[in-house]
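Structure first, commentary second.
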Amino acid sequence: MNREAILKKFEPNLSNILYIMHDLQDNNPERYLAKEDIEACGDYLNVPYSYVHSVASFYTMFSLKPRGRNIIRLCESPPCHLMGADSLIDYLKGSLKVDIGGTTKDGMFTLELTSCLGVCGVAPAMMLNEEMFGNLTPEKVDSILDKRRKEI
Ligand code: FES
């Protein structure tokens with residue numbers, strides 16, 4: 011879908027800014043808000059570029075740099091931390107050969123950290139794009155990521 015078509019889905023009302031930014035980001039194959047996306051959003055809502063950019067910078071769900079086709083967001087809040095999130099972070103960094111915020115060489119995954127995902131009862135937890143996974147172990151993470159590799 012082109013940028014124009016995404017914008018037209020919404021009323022040009024500032025209360026729609028997060029929805030518009032989400033759709034623009036999801037529409038980008040590199041899953042980030044490009045300069046052109048920010049400009050288009052600002053023009054459509056009649057707010058300055060700097061306003062849209064500051065919103066994008068504030069929320070961790072937006073990225074201002076290109077990312078992989080799949081975003082892994084591992085929770086690092088205390089309940090997940092207590093249930094072993096730290097060792098999962100180390101495991102993922104090693105198995106994907108990336109640092110936090112990094113993207114695998116094949117462009118398949120970007121590894122990010124997030125605060126509580128609201129599913130502390132199944133800690134440690136992560137999101138893979140829009141999908142939630144809990145009770146994670148290294149084996150379970152491997153199986154989730156392998157499945158995703160085969161889907162694409
Ligand atoms: S602390 Fe990780 S989901 Fe709540």
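In this text, residue positions in the sequence shown follow this note's numbering: the first is 11, and each later residue adds one. By construction, the Cβ of each residue, glycine as well, lies at the ideal position given by its N, Cα and C atoms. Keep in mind the model is a prediction, meaning the values are calculated, not measured.
For residue j and residue i, the rounded distance between their alpha carbons
i, j, result
"Gly144", "Arg159", "19 angstroms"
"Leu43", "Glu161", "25 angstroms"
"Ser25", "Gly52", "13 angstroms"
"Asp152", "Leu98", "11 angstroms"
"Glu1", "Leu102", "Here the chain covers residues 11 to 162 and nothing more, so residue 1 does not appear."
"Val108", "Glu21", "40 angstroms"
"Glu141", "Ser87", "18 angstroms"
"Asp36", "Glu49", "16 angstroms"
"Ile16", "Thr114", "29 angstroms"
"Gly104", "Ile110", "11 angstroms"
"Met137", "Leu84", "7 angstroms"
For residue i, three-class secondary structure by DSSP
i, result
"Met93", "coil"
"Met142", "strand"
"Phe119", "strand"
"Met11", "coil"
"Met136", "strand"
Start and end residues, beta strand (DSSP E) containing residue i
i, result
"Asn80", "Asn80 to Cys85"
Alpha helix (DSSP H) segment containing residue i, residue limits
i, result
"Cys51", "Lys45 to Leu55"
"Leu155", "Pro148 to Glu161"
"Ser67", "Tyr59 to Phe68"
"Leu34", "Ile27 to Asn37"
Exercise. Are three or more beta carbon pairs between the stretch 121-135 and the stretch 57-68 nearer than 8 angstroms?
Worked result: Taking 8 angstroms as the limit for Cβ pairs, the verdict is that the stretch 57-68 does not touch the stretch 121-135.
Exercise. Are three or more beta carbon pairs between the stretch 78-91 and the stretch 26-46 nearer than 8 angstroms?
Worked result: Segments in contact, yes.
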